[in-house]
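Novice: For reference, the structure I am asking about is given below.
Okay, here's the thing in structure tokens:
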């Protein structure tokens, strides 16, 4: 919000000066993203967006593929929605692999190339979340999960409201 082009130029400068290793965006799409891409010397290396089996962001991922942009999943478990977590496909695969439904979802993310940081302060959940590298979903199983995309968001605040929220955090001019 505000001078995002100026902010992007400052991040490009920090990258050029070796102060950071990569730069990216969070929740950018539509006209703002197009405008930034038209002016950027360095394209976003990472894009953090809401991304889970019910909201897979396929159009945005396709658009950013030409730049090699990696996607970091925000709400990788659909904000803990029990309907999503308990989808029959996850239960079936959890039984097959001796894992939990959550572990199946996280494994799907990894195999899709998504970066995930599932939020938890529970030590057992942390251990379970990392215990997803001793199995691999088949291509058909990944496709079955891909079929769950419903274009369903859990965080859906209109852009104008987001701008108003952001302005409340800025110091007065």
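Residue numbers (the numbering used here): 2 to 174. Yeah, the Cβ is synthetic: ideal placement off N, Cα and C, and Gly gets one too.
Which value, in whole angstroms, describes the spacing of the CA atoms of residue 63 and residue 144?
Specialist: Going by the C-alpha atoms only, they are around 17 Å apart.
Novice: Would you call the CB atoms of residue 47 and residue 25 closer than 8 Å?
Specialist: Yes. Within cutoff.
Novice: What are the complete alpha helix (DSSP H) segments, minimum 4 residues, inside the segment 86 to 111?
Specialist: Runs of the alpha helix (DSSP H) inside the segment 86 to 111: 89 to 98.
Novice: Decide if residue 127 is buried, meaning its Cβ has at least 16 other Cβ atoms within 10 Å, or exposed.
Specialist: With fewer than 16 Cβ atoms within 10 Å of its Cβ, residue 127 is classed as exposed.
Novice: Looking at the strands, I want to know which residues DSSP matches up with residue 27.
Specialist: According to DSSP, which records beta bridges pairwise, residue 27 is partnered with 49.
Novice: Leaving out the 5 sequence neighbours to the left and right, which residues in its chain are closer than 7 Å to residue 43 when beta-carbon positions are compared?
Specialist: Correct list, in chain order: 13, 16 and 24.
Novice: Taking just the CA atoms, how far does residue 28 sit from residue 80?
Specialist: Answer to the nearest angstrom: the Cα atoms are 16 Å apart.
Novice: Once DSSP output is grouped into helix, strand and coil, what is the label at residue 145?
Specialist: Helix at residue 145.
Novice: Residues in the same chain with beta-carbon distance under 6 Å from residue 100, minus the five sequence neighbours each way, listed in chain order, please.
Specialist: Here the set comprises nothing.
Novice: So, with DSSP's three-state summary, where would you put residue 14?
Specialist: The answer is helix: DSSP assigns residue 14 an H, G or I state.
Novice: Using DSSP's beta-bridge definition, name the partner residues of residue 117.
Specialist: 74, per the DSSP bridge assignment.
Novice: Taking residue 125 as part of the alpha helix (DSSP H), name the residues at either end of that continuous run.
Specialist: Taken as a continuous stretch (DSSP letters only), the alpha helix (DSSP H) holding residue 125 covers 124 to 131.
Novice: Do residue 53 and residue 76 count as a contact pair if the criterion is CB distance below 8 Å?
Specialist: Yes. Within cutoff.
Novice: Who are the Cβ neighbours of residue 9 in its own chain at under 7 Å, not counting the five residues just before and after it?
Specialist: 37 and 41, listed in sequence order.
Novice: Tell me the DSSP secondary structure of residue 5 in three-state form.
Specialist: Helix.
Novice: Checking 8 Å against the spacing of the C-beta atoms, do residue 73 and residue 149 come in under that value?
Specialist: Not closer than 8 Å, so no.
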